[in-house]
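See structure below.
In the numbering used here, the protein residues as written are 726 to 802.
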């Protein structure tokens, strides 16, 4: 799964929150197929989706969206 952001500030804040929650993440460039205002995205394991959503909601993190990689590119979920 991949989280795309509108700002670098929100990406870095989310990185800190998810690392604090012991969720394995990777920071990477936002794929060109996803329109985003920020060049950074966060990858996380599919099985952590609900925990990640809870953290984003509880902490009022602004995101562009959460995406799943498919054979054709990425789809919003």
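Every residue, glycine too, gets a C-beta built ideally from N, C-alpha and C.
Values in this document were obtained by computation on a predicted structure and should not be read as measured data.
Within the same chain, and ignoring the five residues on either side of residue 802 in sequence, the residues whose Cβ sits closer than 6 Å to its Cβ are 791, 793. Residue 767: member of the beta strand (DSSP E) spanning 765-768, first to last residue. Annotation for residue 748: no alpha helix (DSSP H) segment contains it, and DSSP assigns it neither H nor E. Taking C-beta atoms as the reference points, residue 777 and residue 748 count as a pair closer than 8 Å. DSSP places residue 797 outside both helix and strand once states are collapsed to three, so it counts as coil.
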